[in-house]
Amino acid sequence: MASKQKMLHVKQVRSTIGRPATQERTLKGMGLGRIGKERDLPDNESTRGMIFKVKHLVEVTEA
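For the sequence shown, my numbering assigns the number 71 to the initial residue and increments by one for each residue that follows.
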């Protein structure tokens, strides 16, 4: 039986206004884009890399 993959709960808490386009595209790639939007994403290297790039715009908790 396969074990369940860990998930991270990501919530956007700051706006992308005045931020570089790369940060806006990173949020869009995570399924975010507006303040208050929330997603559960898999806990893997690529997700953690995206979170690191926009860590000042999001809150992260374990899902």
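For every residue, glycine included, the Cβ atom is placed at its ideal position computed from N, Cα and C.
So the beta strand (DSSP E) residue i belongs to, where does it begin and stop?
{"i": "Met77", "result": "77-82"}
{"i": "Leu111", "result": "108-112"}
Please check the pair residue i and residue j, which I expect to be a contact at CB under 8 Å, by giving their CB distance rounded to whole angstroms.
{"i": "Val128", "j": "Lys81", "result": "6 Å"}
{"i": "Lys125", "j": "Gln93", "result": "Incorrect: roughly 10 Å between the Cβ atoms, too far for contact."}
{"i": "Leu79", "j": "Glu132", "result": "The sequence as given places His at residue 79; Leu does not occur at that position. Their Cβ separation, rounded to whole angstroms, is 7 Å, which keeps His79 and Glu132 in contact under 8 Å."}
{"i": "Leu102", "j": "Arg109", "result": "6 Å"}
{"i": "Val130", "j": "Ile105", "result": "No, Val130 and Ile105 are not in contact; Cβ-Cβ is about 15 Å, not under 8 Å."}
{"i": "Gly99", "j": "Met120", "result": "6 Å"}
Compare the C-beta of residue i against all C-beta atoms of chain D and say whether one is closer than 8 Å.
{"i": "Gly119", "result": "Checking the listed chains, one finds no chain D in this structure; it contains a single protein chain."}
List the endpoints of the continuous alpha helix (DSSP H) containing residue i.
{"i": "Thr131", "result": "Thr131 -> not in any alpha helix (DSSP H); beta strand (DSSP E) instead, spanning 128-132."}
{"i": "Leu70", "result": "Outside the displayed span of the chain (71 to 133) sits residue 70, for which this structure offers no information."}
{"i": "Lys123", "result": "115-123"}
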